[in-house]
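Reading through the structure tokens given below for one structure.
In my numbering, the protein residues as written are 15 to 326.
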């Protein structure tokens with residue numbers, strides 16, 4: 015933008031020299047250098063913190079699907095990239111072993127309840143009988159707990175969607191055996207709720223950024239369009255400032271000026287449904303500082319938006 019304004023100034027000088035308003039002397043042409051330096055000092059540098067800009071992205075939550083029970087897959091209901099609702103079936107695991115376990119506990123629990131009733135009918139006789147009753151009641155409660163766990167396991171043979179969204183990276187097929195190991199998810203689920211738009215702002219430009227400030231965005235997937243929003247929050251720490259609990263002394267490292275993430279609340283929430291996860295773009299945050307220069311950022315963002323038609 016500074017170069018563009020400098021070229022305009024140079025063209026103006028050429029015009030004024032051509033119509034004899036300015037003399038054709040080195041001083042007239044050297045004014046272009048002065049203007050270029052002045053624009054950088056009084057416009058470009060202040061813009062870095064009065065209207066900071068940075069890369070923006072659409073971020074979605076992904077859920078690795080790991081079943082709560084192990085077994086052989088009998089049916090895969092979900093289809094790749096087809097929207098589903100929370101609670102819709104994704105796939106089924108062979109329920110026969112879990113149903114058999116539940117049936118066996120049903121029989122044992124029925125017998126345990128019968129034994130408790132029989133001991134109660136015998137009345138409060140010798141201490142031995144009271145002990146037998148208490149022992150039977152304890153066994154019954156243990157079986158009830160096992161029955162609850164077995165019923166839960168049987169229910170978990172049908173794996174359902176954890177939220178509204180869709181499945182991607184679907185390679186699961188009937189006949190495969192799945193386990194409950196968290197390091198072995200069987201598919202990836204993409205949530206369509208809770209989509210976040212975030213921008214990364216340089217450390218020397220974030221000091222005036224606060225929640226509620228207006229934001230404009232341009233995305234590569236939507237060339238020629240400008241989206242609006244407000245600053246929702248500033249993530250107060252970046253990965254460089256994170257320390258994991260361990261038994262070793264923190265080692266020295268080469269520190270870099272890692273940007274901070276700024277979470278953006280879109281003015282129109284429906285826009286999030288049209289933006290694909292991972293969509294990249296540029297965000298501009300307008301702080302109360304040097305507002306007279308904000309028009310430059312707005313023009314620059316719109317130029318970039320139209321360049322998105324041809325620049326990948």
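All C-beta atoms, glycine included, are put in the ideal place defined by N, C-alpha and C.
Would you tell me roughly how many angstroms separate the C-alpha atoms of residue 175 and residue 93, rounded to the nearest one?
As a position in the chain shown, residue 175 is number 161, starting the count at 1. As a position in the chain shown, residue 93 is number 79, starting the count at 1. Taking the straight line from one Cα to the other gives about 12 Å.
Span separating the alpha-carbon of residue 256 from that of residue 250:
As a working note, residue 256 is residue 242 in the chain shown. As a working note, residue 250 is residue 236 in the chain shown. Answer to the nearest angstrom: the Cα atoms are 11 Å apart.
Nearest-angstrom Cβ-Cβ length linking residue 291 and residue 233, presumed shorter than 8 Å:
On the chain shown, position 277 is the one that residue 291 refers to. On the chain shown, position 219 is the one that residue 233 refers to. Contact doesn't hold; Cβ gap of about 12 Å is too wide.
Answer yes or no: do residue 342 and residue 122 have a C-beta to C-beta separation smaller than 8 Å?
As displayed, the chain neither begins before 15 nor continues past 326, which places residue 342 out of reach and without an answer.
Going by Cα to Cα distance, which pick from 99, 81, 225 is closest to residue 168?
The count along the chain shown starts at 1 and reaches residue 168 at position 154. Answer by Cα proximity: 81.
To the nearest angstrom, how far is it from the Cα of residue 83 to the Cα of residue 206?
The count along the chain shown starts at 1 and reaches residue 83 at position 69. The count along the chain shown starts at 1 and reaches residue 206 at position 192. In a straight line, the C-alpha of residue 83 is about 26 Å away from that of residue 206.
Helix, strand or coil for residue 159, going by three-state DSSP, please let me know.
In the chain shown, residue 159 corresponds to position 145, counting from 1. In this structure, residue 159 counts as helix in the three-state DSSP scheme.
Taking 7 Å as the cut-off, is the C-beta of residue 100 nearer than that to any heavy atom in the ligand FMN?
As presented, the structure is devoid of all ligands, the ligand FMN included, so that no description of it is given.
Just tell me which of 195, 105, 242 has its CA closest to the CA of residue 186.
Against the chain shown, residue 186 aligns to sequence position 172. For the residues 195, 105, 242, the minimum Cα distance to residue 186 belongs to 105.
Looking at the structure shown, is residue 120 part of a helix, part of a strand, or coil, going by DSSP?
Against the chain shown, residue 120 aligns to sequence position 106. Correct three-state label for residue 120: helix.
With a cut-off of 8 Å on the beta carbons, I'd call residue 98 and residue 179 a contact; round off their distance for me.
Here the question's residue 98 lines up with position 84 in the chain shown. Here the question's residue 179 lines up with position 165 in the chain shown. Right, their Cβ atoms sit about 7 Å apart.
Please say whether residue 201 and residue 79 have beta carbons closer to each other than 8 Å?
As a first step, residue 79 must be located in the chain shown, where it is residue number 65. As a first step, residue 201 must be located in the chain shown, where it is residue number 187. Yes, the pair counts as a contact, with Cβ atoms nearer than the cut-off.
Relative to the C-alpha of residue 197, which residue among 320, 77, 43, 64 is closest?
The count along the chain shown starts at 1 and reaches residue 197 at position 183. The candidate whose alpha carbon is nearest that of residue 197 is 77.
Residue range of the unbroken alpha helix (DSSP H) whose run includes residue 106:
Start at 1 with the first residue of the chain shown, and residue 106 comes out as number 92. Note, residue 106: premise wrong, no alpha helix (DSSP H); beta strand (DSSP E) at 103 to 107.
So, for residue 269: in the same chain, excluding its five sequence neighbours on each side, which residues have a beta-carbon less than 8 Å away from its beta-carbon?
In the chain shown, the residue the question calls residue 269 occupies position 255. Once the five neighbours on either side are set aside, the close Cβ partners of residue 269 are 254.
Can you find a C-beta in chain D that's less than 8 Å from the C-beta of residue 186?
Any reference to chain D falls outside this structure, which holds one protein chain only.
What residue range does the beta strand (DSSP E) around residue 247 cover?
Here residue 247 refers to the residue found at position 233 of the chain shown. Where residue 247 is concerned, the enclosing beta strand (DSSP E) stretches over 241 to 248.
Whole runs of the beta strand (DSSP E) within the region 71 to 97, excluding any shorter than 3 residues
76 to 79, 85 to 90
If contacts are defined as beta-carbon pairs under 8 Å, then residue 86 and residue 189 qualify, I think. What distance do you get, rounded to the angstrom?
Numbered from its first residue, the chain shown carries residue 86 at position 72. Numbered from its first residue, the chain shown carries residue 189 at position 175. About 7 Å; that satisfies the 8 Å criterion.
Thinking just about the alpha-carbon of each residue, which of 263, 247, 288, 21 is nearest to the one in residue 239?
By 1-based counting over the chain shown, the position of residue 239 is 225. Among 263, 247, 288, 21, the Cα nearest to that of residue 239 is on 288.
Quick check: the Cα distance between residue 230 and residue 310, rounded to an integer number of angstroms?
Here residue 230 refers to the residue found at position 216 of the chain shown. Here residue 310 refers to the residue found at position 296 of the chain shown. Approximately 13 Å between the Cα atoms of the pair.
Using C-beta distances below 8 Å, list every residue in its chain close to residue 223, excluding the 5 sequence neighbours before and after it, in chain order.
Along the chain shown, read from residue 1 onward, the residue named residue 223 stands at position 209. If we look at residue 223 and ignore the five residues flanking it on each side, its Cβ neighbours are 66, 215, 245, 248, 276, 299, 301.
Please state whether the Cβ-Cβ distance between residue 177 and residue 293 is less than 8 Å.
Counting from 1 along the chain shown, the entry for residue 177 is found at position 163. Counting from 1 along the chain shown, the entry for residue 293 is found at position 279. No, the pair does not count as a contact, with Cβ atoms beyond the cut-off.
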